[in-house]
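Number of protein chains: 2
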Amino acid sequence: MPTNKKKTQVTASPERRRELLGTAAEVFAAQGYNATTVRKIADAAGMLAGSLYYHFDSKESMLDEILSAFLTELWEGYDTVLAAGLGPRETIEALVTESFREIDRHRAAVAIYQKESRHLSAQPRFRYLSDSQQKFEKAWLGTLERGVAARVFRADLDIRLTYRFVRDTVWVAASWYRPGGQHSPEEIARQYLSMVLDGIAVRG
Amino acid sequence: MPTNKKKTQVTASPERRRELLGTAAEVFAAQGYNATTVRKIADAAGMLAGSLYYHFDSKESMLDEILSAFLTELWEGYDTVLAAGLGPRETIEALVTESFREIDRHRAAVAIYQKESRHLSAQPRFRYLSDSQQKFEKAWLGTLERGVAARVFRADLDIRLTYRFVRDTVWVAASWYRPGGQHSPEEIARQYLSMVLDGIAVRG
DNA sequence: TAACCTACCAAACACTTGTTAGGGAAGGTT
DNA sequence: AACCTTCCCTAACAAGTGTTTGGTAGGTTA
Chain P
1 MPTNKKKTQV TASPERRREL LGTAAEVFAA QGYNATTVRK IADAAGMLAG
51 SLYYHFDSKE SMLDEILSAF LTELWEGYDT VLAAGLGPRE TIEALVTESF
101 REIDRHRAAV AIYQKESRHL SAQPRFRYLS DSQQKFEKAW LGTLERGVAA
151 RVFRADLDIR LTYRFVRDTV WVAASWYRPG GQHSPEEIAR QYLSMVLDGI
201 AVRG
Chain L
1 MPTNKKKTQV TASPERRREL LGTAAEVFAA QGYNATTVRK IADAAGMLAG
51 SLYYHFDSKE SMLDEILSAF LTELWEGYDT VLAAGLGPRE TIEALVTESF
101 REIDRHRAAV AIYQKESRHL SAQPRFRYLS DSQQKFEKAW LGTLERGVAA
151 RVFRADLDIR LTYRFVRDTV WVAASWYRPG GQHSPEEIAR QYLSMVLDGI
201 AVRG
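These protein sequences, in sequence, are chains P and L.
Mapping the first sequence onto the UniProt record's numbering, position 109 (from 1) lands on 109, and the numbers just tick up by one.
Mapping the second sequence onto the UniProt record's numbering, position 33 (from 1) lands on 33, and the numbers just tick up by one.
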């Protein structure tokens, strides 16, 4: 018999885990990770604080699971886009669209990631956050550089500034986006791309 | 003799208060408000936790003072711009430039504001955060609408989306901006404006 | 010198925090 | 009927939290 299983995972059902992680993510996103007590999570889930430890072995592991699940799915989509061999502009368009779809699916996780990733990435357990961020930068910055070289993106801008600009414009949307609103993720992506690529000024 | 003074403000010197608020703001910005203990602040200030209460009457009042001081100064600058009677495009340019100057001066406060304002604004004590946000929206959204009417901004974009776009792209900069870097606030503002107004794509 | 003020320390307080241990009810399996 | 599994509760724990109280070294004033 295998003995190295986590004790809390021996009998807990995966569906219930996902359900609880969902409510935990909502509370984390709304109140912030540190301001969220396990009792608040338990309240939102309709149970008592101690009962959470039947499914998870710590508050931190809930956060871990939420973030890593999100990043795993995110990179699935990104890698598909990056492997498609598109041109720079089309790659940016696809990445932005994919990002908004991800915000649509993992709104809470994205919000948490935005608020907490900076000071979490120092912890060894959340090392994968920095790794992801580096991969992220490589993908976006590389695409922008290709675009400048191919003369589809302007060459007179500081490219790192442009990178941060594009990156931020996409992800901060998670702070106000609500699924089921009047705009679909694809529509929001279209408008964002239109602004980033062509600007908001009327062309003279 | 006046008796309605706050007890902790009777003898504390304002200079020392500002000094301590500065280090507190740094710690809040780096670790997050809730994750920051008063002992950490005291450590950073080279004193013991209890000694902070000679200058301030609570941890929350430190946060309050940091945020309200920032917003007061911010609106001083904004109101000057808005009262200048500039055209829509020039108003946007001036607001963005002013914002980056504010980020330069109150980097920590801006970072705190960004992370915490959402869930703080529910508290009655921080009501002024919502007030400020409303004023903010009125100023920016109004200017954008004027610009669309005057045909200097595109009419084919969702204006609320544009507002969020412009607003967010400016303020998230506080999360990566470091004073004394290679770009001055004005230079960063110039490049941001160039991207927002004209886009990053090469004009065909 | 004596009284006073400023700015801090030392030590504790009541409370909240994440977490654990043991138990038990419901329902399925043998 | 006995047993097992799943899922939660009750009740407590130790550590950490913001805050208070009383004291005190050193400078300033009377």
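Beta carbons are placed, not taken as given, at the ideal position from N, Cα and C, and that holds for glycine.
By the Cβ-count criterion, P:Pro88 is buried, with 16 or more other Cβ atoms from all chains shown falling within 10 Å of its own Cβ. One finds nothing in chain L with a Cβ atom closer than 7 Å to the Cβ of P:Trp140; even the nearest lies about 12 Å away. Every alpha helix (DSSP H) of 4 residues or more that sits fully in the UniProt domain "HTH tetR-type" (14-74) of chain P is shown, in chain order, as 14-31, 38-45.
Here P:Lys59 is buried: its Cβ has 16 or more other Cβ atoms, across all protein chains shown, within 10 Å. P:Ala201 sits in a strand when the DSSP states are folded into three classes. Within the segment 150-182 of chain L, the complete alpha helix (DSSP H) segments at least 4 residues long are 159-171, listed from N- to C-terminus. The Cβ atoms of L:Gln114 and L:Ala174 sit closer than 8 Å to each other.
Counting only Cβ-Cβ distances below 8 Å, P:Arg107 has no contacts in chain L at all, with the closest Cβ about 14 Å away. For the alpha helix (DSSP H) assignment, the uninterrupted runs of no fewer than 4 residues enclosed by the segment 106-155 of chain P are, from N- to C-terminal side, 107-120, 127-149. Contact between L:Ala45 and L:Thr23 holds: their C-beta atoms lie close to 5 Å from each other, under 8 Å. Against P:Lys115, the close residues of chain L are Gly32, Lys115, in the order they occur along the chain (beta-carbon pairs closer than 8 Å). Per the Cβ contact rule, the segment 89-107 of chain P is in contact with the segment 128-144 of chain P (3 or more Cβ pairs under 8 Å).
Nearest neighbour of P:Thr169 by Cα position, chosen from P:Glu26, P:Ala69, P:Phe100, P:Val38, turns out to be P:Phe100.
The beta-carbon of P:Tyr192 is placed less than 8 Å from the nearest beta-carbon of chain L.
If the five residues before and after L:Ile112 are omitted, its C-beta is found closer than 8 Å to the C-beta atoms of Ala25, Phe28, Ala29, Tyr33, Leu63, Ile66, Leu67, all from its own chain and listed in chain order. One Cα belongs to P:Glu145, the other to L:Ile200, and the distance between them is close to 12 Å.
P:Thr97 is positioned such that its CB atom lies closer than 8 Å to that of P:Ala189. L:Glu116 and P:Asp57 have their C-alpha atoms spaced approximately 28 Å apart.
Across the set P:Gly180, P:Lys40, P:Ala69, P:Ser51, the C-alpha of P:Ala69 shows the shortest separation from the C-alpha of P:Arg18. P:Asp104 and P:Val81 have their alpha carbons spaced roughly 18 Å apart. Proximity of chain P to L:Val152 at the Cβ level (cut-off 8 Å) is accounted for by Ala201, Val202, in chain order. Interface annotation, P:Trp176: in contact with chain L, CB-CB separation under 8 Å.
8 Å or more divides the Cβ of P:Arg160 from the Cβ of L:Val202. Taking 8 Å as the CB threshold, P:Phe165 lines the interface with chain L.
Taking 8 Å as the upper bound for CB-CB distance, P:His106 and L:Gln31 are not in contact here, some 25 Å apart. Looking at L:Asp156, L:Leu157, L:Trp75, the one whose alpha-carbon comes closest to that of L:Glu102 is L:Trp75.
The beta carbon of P:Ser51 sits closer than 7 Å to the beta carbons of Ala42 from its chain, once the five residues preceding and following it are set aside; these are given in chain order.
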